[in-house]
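Enquirer:
Numbering (the UniProt record's numbering), first residue to last: 1 to 125.
1) Can you say whether residue 29 is buried or exposed, counting buried as having 16 or more other CB atoms within 10 angstroms of its CB?
2) Looking only at DSSP bridge pairs, what is residue 51 linked to?
3) Kindly give me the distance between the Cβ atoms of residue 121 and residue 53, rounded to whole angstroms, as I take these residues to be in contact under 8 angstroms.
4) Pull up the distance between the alpha-carbon of residue 12 and that of residue 3, whole angstroms please.
5) Enumerate in chain order the residues of its own chain whose CB-to-CB distance from residue 104 is below 7 angstroms, with the five nearest sequence positions on each side excluded.
6) Nearest by alpha-carbon distance to residue 90: which of 101, 99, 9 and 24 is it?
7) Nearest-angstrom Cα distance between residue 14 and residue 50?
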């Protein structure tokens, strides 16, 4: 929801990789806490988290095909690989962030991905 200082976002991660928030200075933090994977437990309760995106902030949401991309015994997100890649995207447009993350994920291994790779990038102006 738009407001005077930016955009109010509300989401529940429901077991997906944690959404990441990139600030204009290059700092990255999780935008929501981890939650139980959707459909694993019948009576699981999911909590929606709300936060503000202000001018220059970028929100990145991905599927596990991004974080679990394999190269030998390593995963792309080992050692916070996704957050590190996102930190290098400060100042880029949403399209630029998506292109750079996609390139990093594809370049992580020599073989083609064996899982879906979906990214959602929102940048507050």
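Beta carbons are placed, not taken as given, at the ideal position from N, Cα and C, and that holds for glycine. These numbers were taken from a predicted model, which means no experiment stands behind them.
Expert: So, from the listed chains and residues:
1) So residue 29 counts as exposed.
2) Under the DSSP definition of a beta bridge, residue 51 partners with 9.
3) That pair is no contact at about 12 angstroms.
4) Straight across, the Cα-Cα distance linking residue 12 with residue 3 is about 21 angstroms.
5) Cβ-Cβ distances below 7 angstroms link residue 104 to 85 in the same chain, with the five nearest sequence neighbours on each side left out; the list follows chain order.
6) Ranked by Cα distance from residue 90, the options 101, 99, 9 and 24 are led by 24.
7) Near 14 angstroms, if we compare the C-alpha coordinates of residue 50 and residue 14.
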